[in-house]
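Everything on this sheet refers to the single structure shown next.
Residue numbers (our numbering), protein chains in the order written: chain A, 2 to 357; chain B, 431 to 585; chain C, 4 to 148.
Given below as structure tokens:
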């Protein structure tokens, strides 16, 4: 295995609706910042991978527009996933492990504000025979999961509100968060349900942002960062799609992924200082904490997705934030998690470590 | 025994907001005033029409926009002979990449007021704008391009 | 340079038709005929009839008729929107159809009164008079007597 590390991370502010920038404009300043922070020029990048989704962008082959911000002339080696950019990072990591190059630039763009009504878009990711024709509300399957989690004693409406309070408070230290502030549980529990038992605050707020992570291998990483955040283990797995044949209160794919990542890393979640979890809904923190067997780690010090969810950039930002804590010397070991699909259907985990 | 169904309708309908971006908006606003706006890159000398905000080769901001009159030459073209849903004109008709004089890039538009078999690469063309009340922040402010008959030099 | 950007609304629309294959096709044919089918597996019958067993990945077996009654195992209360099967607020639910393993995702209608929803409640399908071979041929599930 090669030693691959995150050597820089940058993101644009999470905005509820960016009505100024096109896909290239939202990305260019973030690429500049990440590339500058890594101390490289654009010619030093061996491979570019991106994650974004046509169904949010509203155009086919939409990501091609973003390549104008990458500088695709002379021709470059690049790839793309129609998915959260955490999966683009998985591809870049694999590419570096194969020895194809030494430096990879991963970017994610998520513009969730472009669909006029997410109830039209979100069901398109569901089984086209048994689920999509019923046109469930965007948070319905998550609502079923939250209901099941409460009935199983994993959490409560109060517990979910406490997660939100903690995340919004943590986000006050994050100038790029979409939401932040001091709220109290009673105030939150006064709000109506959007899909019971979920209230508006229990749903990570959709928005727009771009994020960039630069990965480097071996000596390149040591040269580019004072304290590289080594990606010691990475794995991703998927649960069965249909919600009626899953136990929505557990996350077997997360368990399997962390087991494999821990084998690669030589340490596991009980050893991590911080964990950035891709919680699209407040109730999912309890499910993931169980599946990951987190023990004492500070969860979502950035505020997490409950403070801002720029759709397909959200999982990549978790990896970037976890890496940043290591690079800044606030943590020695960290976990980052990303999810895709409804109710934690697909999960990616990444175990990171700093030197010394 | 149950007669199986073989296909089921699976319609998509999604409403979106398109955000033009600042560079593209300058171009679109120009069209509403019968202006074709271009911008130059001081790094590589490329002149973009329509102009984005920055050069995609140099990754640097482009110089301030300036106007071109849109006269240019046909760079390549095709004759559309095939009907399709949403088509605006009855085939056959010509769609071309037109390189306006002064620009390094090409603009896609219709070429009309000429028989399709008479269109050729290098043919000199000029824009035909819509009337005042039809002008808008849209490429449709140009109805089509037509051959230049008086003193237009073929390439 | 002005920092102001133009934006505009637009719609993307595609009238797709999907081929469904023999197993789903028979299930949809059953719905058209006012009957629910499940697929046999080693562990029990699955409704809806997934083509592959979720635990093992093995192809599921023959379709068999199942009852159109069941028990709610989870539910979430939502506001009604134009186009929804009932005009008042309702629940999306997972319904364990009698005699099957797993659950079916569908609507439960309790006349807009969420206090009548409960995990474990018994429900039965309310079929539409005109059926075409879609899951919406079942308008919703309602409280079973």
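We put the CB at the ideal spot given by N, CA and C, even for glycine.
Give the interface partners of residue i over in chain B, defined as CB-CB distance under 8 Å, in chain order.
i                     : result
residue 14 of chain A : None at all; the shortest Cβ gap to chain B is about 16 Å.
residue 22 of chain A : 449, 451 and 452
residue 49 of chain A : Within 8 Å Cβ-Cβ: nothing; residue 49 of chain A doesn't reach chain B, min ~13 Å.
For residue i, count neighbouring Cβ atoms within 10 angstroms of its own Cβ and tell me buried if that reaches 16, exposed if not.
i                      : result
residue 74 of chain A  : exposed
residue 112 of chain A : buried
residue 72 of chain A  : buried
residue 454 of chain B : buried
residue 39 of chain A  : buried
residue 285 of chain A : buried
residue 5 of chain C   : For residue 5 of chain C, the pLDDT reaches just 45, beneath the cut-off of 50, and the residue's location in the model is therefore unreliable, leaving the point undetermined.
residue 347 of chain A : buried
residue 14 of chain C  : exposed
residue 579 of chain B : exposed
residue 452 of chain B : buried
residue 337 of chain A : buried
residue 92 of chain A  : buried
residue 17 of chain C  : exposed
residue 135 of chain C : exposed
residue 77 of chain C  : buried
residue 112 of chain C : buried
residue 19 of chain A  : buried
For residue i, which option in the options has the closest C-alpha, if you only look at C-alpha atoms?
i                      : options                      : result
residue 188 of chain A : A:158, A:279 and A:172       : A:158
residue 522 of chain B : B:529, B:511 and B:494       : B:511
residue 154 of chain A : A:66, A:347, A:291 and A:120 : A:291
residue 130 of chain A : C:61, C:122, C:26 and C:99   : C:26
residue 222 of chain A : A:328, A:88 and A:62         : A:328
residue 34 of chain C  : C:81, C:66, C:78 and C:104   : C:66
residue 141 of chain C : C:56, C:38, C:116 and C:115  : C:38
residue 36 of chain A  : A:216, A:249 and A:204       : A:216
residue 76 of chain A  : A:92, A:47 and A:93          : A:47
residue 294 of chain A : A:271, A:218 and A:300       : A:271
residue 102 of chain A : A:78, A:122, A:86 and A:152  : A:78
residue 145 of chain A : A:345, A:356 and A:357       : A:345
Applying a beta-carbon distance threshold of less than 7 Å, which residues of chain A neighbour residue i?
i                      : result
residue 483 of chain B : 26
residue 440 of chain B : 129
residue 498 of chain B : In chain order: nothing, as chain A lies at least about 21 Å away.
residue 126 of chain C : The contacting residues do not exist; residue 126 of chain C stays about 14 Å from chain A at best.
Put residue i into one of helix, strand or coil per three-state DSSP.
i                      : result
residue 326 of chain A : helix
residue 548 of chain B : helix
residue 202 of chain A : helix
residue 436 of chain B : coil
residue 4 of chain C   : With a pLDDT of 40 at residue 4 of chain C, under the threshold of 50, the modelled position of that residue is not reliable, and the figure given next carries that caveat. Coil at residue 4 of chain C, not helix or strand.
residue 61 of chain C  : coil
residue 98 of chain A  : helix
residue 173 of chain C : Nothing in the structure corresponds to residue 173 of chain C, since chain C is present only between 4 and 148.
residue 91 of chain C  : coil
residue 443 of chain B : strand
residue 9 of chain A   : strand
residue 168 of chain A : helix
residue 130 of chain C : strand
residue 30 of chain C  : helix
residue 18 of chain C  : strand
Under 8 Å between beta-carbons, which chain C residues line up against residue i? List them in chain order, please.
i                      : result
residue 444 of chain B : 14, 15 and 16
residue 152 of chain A : 77 and 122
residue 451 of chain B : 8
Which residues in chain B sit within 9 Å of residue i, going by Cβ to Cβ distance?
i                      : result
residue 59 of chain A  : 444, 445, 446, 447 and 448
residue 343 of chain A : Going along chain B, no residue has its Cβ under 9 Å from residue 343 of chain A, so there is no contact; the nearest lies around 17 Å.
Run down chain A in chain order and give the residues with a C-beta less than 9 Å from the C-beta of residue i.
i                      : result
residue 486 of chain B : 25, 68, 69, 70, 71, 72, 73 and 74
residue 489 of chain B : 29, 32, 33, 43, 69, 70, 71 and 72
residue 90 of chain C  : Those do not exist, as residue 90 of chain C stays about 15 Å from chain A at its closest Cβ, beyond 9 Å.
Anything in chain B within Cβ reach of residue i, meaning under 7 Å, just list it in chain order.
i                      : result
residue 117 of chain A : 445, 446 and 447
residue 139 of chain A : The contacting residues do not exist; residue 139 of chain A stays about 13 Å from chain B at best.
residue 19 of chain C  : 440, 441 and 442
residue 125 of chain A : 442
residue 22 of chain C  : 436 and 437
Can you name the residues of chain A whose CB is closer than 8 Å to the CB of residue i?
i                      : result
residue 137 of chain C : 134
Note down, in chain order, every chain C residue with its Cβ under 7 Å from the Cβ of residue i.
i                      : result
residue 434 of chain B : 25, 28, 29 and 32
Can you list the residues of chain C that residue i reaches, using a CB-CB cut of under 9 Å?
i                      : result
residue 189 of chain A : Ordered by position in chain C, no residue passes the 9 Å Cβ test against residue 189 of chain A, which lies about 18 Å from the chain.
Note down, one range per segment and in chain order, each alpha helix (DSSP H) of at least 4 residues found wholly within the region 243-289 of chain A. 253-266
Extract the residue ranges of the alpha helix (DSSP H) inside the region 15-53 of chain A, only unbroken runs of 4 or more that lie entirely within it. 24-39
Which runs of the beta strand (DSSP E) fall wholly inside the region 476-517 of chain B and span at least 3 residues, in chain order? 496-498 and 502-510
Could I get the ranges of all uninterrupted beta strand (DSSP E) runs contained in the region 175-222 of chain A, with 3 residues as the minimum, in chain order? 194-196 and 209-218
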